[in-house]
Structure formats: structure tokens, C-alpha cells
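Some notes on the structure that comes next.
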Amino acid sequence: MAFKPGFDQSPAFNDAGRNAWGAGAGQQQAGWGQTPQAGMTPDQLQYMYDRPSASTVDTDRMSYEDTIVKTLLAFGVLVVGAVAGWNLPAGVWVVAAIVGFVLALVNTFKKKPSPALVLAYSGVQGVFVGGISHAYQYAFGGIVPQAVFGTLGVFAITLLLFTSGKIRATPKATRFFLVAMIGYLVFSLINLVLMWTGVTNTAFGALGFKVFGIPLGVIIGILVVLMAAYSLVLDFDQIKTGVQRGAPRIYAWTAAFGLIVTIVWLYLEILRILAIVASSSRN
Numbered sequence: 001m002a003f004k005p006g007f008d009q010s011p012a013f014n015d016a017g018r019n020a021w022g023a024g025a026g027q028q029q030a031g032w033g034q035t036p037q038a039g040m041t042p043d044q045l046q047y048m049y050d051r052p053s054a055s056t057v058d059t060d061r062m063s064y065e066d067t068i069v070k071t072l073l074a075f076g077v078l079v080v081g082a083v084a085g086w087n088l089p090a091g092v093w094v095v096a097a098i099v100g101f102v103l104a105l106v107n108t109f110k111k112k113p114s115p116a117l118v119l120a121y122s123g124v125q126g127v128f129v130g131g132i133s134h135a136y137q138y139a140f141g142g143i144v145p146q147a148v149f150g151t152l153g154v155f156a157i158t159l160l161l162f163t164s165g166k167i168r169a170t171p172k173a174t175r176f177f178l179v180a181m182i183g184y185l186v187f188s189l190i191n192l193v194l195m196w197t198g199v200t201n202t203a204f205g206a207l208g209f210k211v212f213g214i215p216l217g218v219i220i221g222i223l224v225v226l227m228a229a230y231s232l233v234l235d236f237d238q239i240k241t242g243v244q245r246g247a248p249r250i251y252a253w254t255a256a257f258g259l260i261v262t263i264v265w266l267y268l269e270i271l272r273i274l275a276i277v278a279s280s281s282r283n
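Residue numbering for the sequence shown follows the working numbering, starting at 1 and increasing by one per position.
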């Protein structure tokens, strides 16, 4: 499972980010002194923000357009990394997975988003995704394209439901999501121990066990895909909140990072479900 940090639980959000997210129109925030707007009075800032021609650069605020551009840039770096990882020698993706995990931690706990680190994470994570995808494709031919289209489908449907107001992030659903995440992480660790100690002899450990003829990995995998979809909802909600409350433009990189983490997690889970189904059909 890919590392999924809590976007609103990182120091970037709790410290400068939370202050910025909660800023009203025209308010000045500590830490914004490096921007051209820092020396303006609230009235001057409001006048600038109200101008029809005011751009993201003018206001130094987050916008949907700027966030989309940054996310597409990070996603493009991810794809380039994936192509490289697909063609690199076997085993390189293992190193990339470790480096990617470290970069994910750094990006999560960094007080201020770093575009270079976000793009570095995307590139390294791309190498990991490309390498492990090649391994899955070699073992279970044909499942990678299915996983790609499945990921795009879940992303598109979730975005459509969110923009139409059909689904929203709520405190109760978020608490359930966090509890489910902890439970899944504990299960994953136990499953790894069972595999390493030889207690289970299936390729996917306990996930290969069947319940009423259905592999346990498929049942759990579907639940995890739903969790990843809700994680996308949280990402979309954070972007919406940031734009509405006038968060600094730099935090669009935090939003891009969160989306890349969730998309990779979603893809890997769908890929594993397909691999478990393919493996089960051979037995």
C-alpha cells in the first residue's frame, strides 16, 4: 500500500497552512512577508483581489486553475518516472519504493511545501510504480492496462460525484475512514509477518485465502478502493477549502502532492486486486 499522509494533519497545514486556510479576504498572515502583498493594508489587498483582471500571481492565492496545472505537472513527472521504471533492471523499483517513502515523509512533515521535493517524490514514486507494474505484467499478463483504466474511472467518478454535490467529506465519515485505515495497516503488517515467517504459502499471504469461493484479497481490496476514493474526496475538499479561504498559492503544491499519493495508492490497490483474481483463476 502506498503511503498516504493526512493532508490536514501535516505541520504544513497545522502551522502556516492552517493559518492561511483560515484567513479571510484581505487579511495578512505571519509568514507571508516574502510576498509583494505583505506591505499592503487590508483595503489595498481587497481592492486588488476584487479586480476582474486579478490573477493568481497578483493575489498570491490558491486557485483551481493553478492547482490543476501543478497537479498535472506532478502527474507528468510521475508518468515519466513510470516509463523509466518499467525499462530499468528488476529490483530498482524496490530502492525507489524506499526513497519514495522517505520523500513522502519529508513532504508531509515539512512546514512549507517545496515544489522540488514534490516533483522529486513524483519522479521516484513513478519509478516504483513502473517497476512493480512491469513485475505484475510479467506474472499476470494484461492486468496493467486494466488497472490504469480502473484508476482513471474511479478518479473521474469520484470527481464527478464531488463536483455535483452527491458526496461530501463529513466528520463522521472521516473518523470512520481513519479507523479503517489503521485497521488496514495493522492487517497488512500481520499479513507481511505471516508471509515472511512462512505461515502462509500463497503469493499474497492471507489475502489469497478464499471466503465462500472469493479470495479474501478481493473483498478487502474493494473496501480499500472505496477508502482510496474517499481519500480523493478529502483531497478535493481540501482544495476547495484552500481556494475559498484564500490560502497562499504555494499550498497548491501540497494539494498536488496529496492527489499524487492517493492516485498511486488507488492504482496499486486495483492492480493487486486484479493480480489476486488472476492468480486465483489459475488454481
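Note that the Cβ used here is the ideal one computed from N, Cα and C, for glycine as well.
| Check | Outcome |
| --- | --- |
| Spatial neighbours of Ala252 in its chain, beta-carbon cut-off 7 Å, leaving aside the 5 residues before and after | Met62, Asp66, Thr67 and Lys70 |
| Whole-angstrom distance between Ala82 and Gly76, CA atom to CA atom | 10 Å |
| Strand pairing of Lys210, partner residues [DSSP] | Pro215 |
| Cβ pair Ile273, Gly198 closer than 7 Å | no |
| Within 7 Å, strictly: CB atoms of Ile276 and Pro215 | yes |
| Cβ separation of Ile270 and Ala147, assumed to be a contact under 8 Å, to the nearest whole Å | 5 Å |
| 7 Å CB neighbourhood of Val106 in its chain, flanking five on each side removed | Leu117 |
| Anticipated Cβ contact below 8 Å, Leu159 with Phe257, distance rounded | In fact, because the Cβ distance is near 18 Å, the residues do not count as touching under 8 Å. |
| Simplified DSSP assignment, three categories, for Arg61 | strand |
| At least 3 beta-carbon pairs within less than 8 Å: the region 172-186 vs the region 229-244 | yes |
| Short Cβ contact (7 Å threshold) for Val297 with Ala96 | Residue 297 lies beyond the residue range present for the chain, which begins at 1 and ends at 283; the question has no answer from this structure. |
| From Pro145, Leu103 and Gly85, residue whose alpha carbon lies closest to that of Tyr267 | Pro145 |
| Residues that Pro248 bridges to, as DSSP identifies them | Arg61 |
| Beta-carbon proximity of Leu226 to Gly217, cut-off 7 Å | no |
| Per-residue DSSP class, three states only, for Ser231 | helix |
| Limits of the unbroken alpha helix (DSSP H) element including Ala90 | Unbroken run through Ala90: none, as it is neither H nor E. |
| C-beta atoms of Ala84 and Val127 nearer than 7 Å | yes |
| Whole-Å CB distance - Thr200 paired with Leu194, under 8 Å assumed | 5 Å |
| Thr170 classed as buried or exposed, judged by whether at least 16 other C-beta atoms fall within 10 angstroms | exposed |
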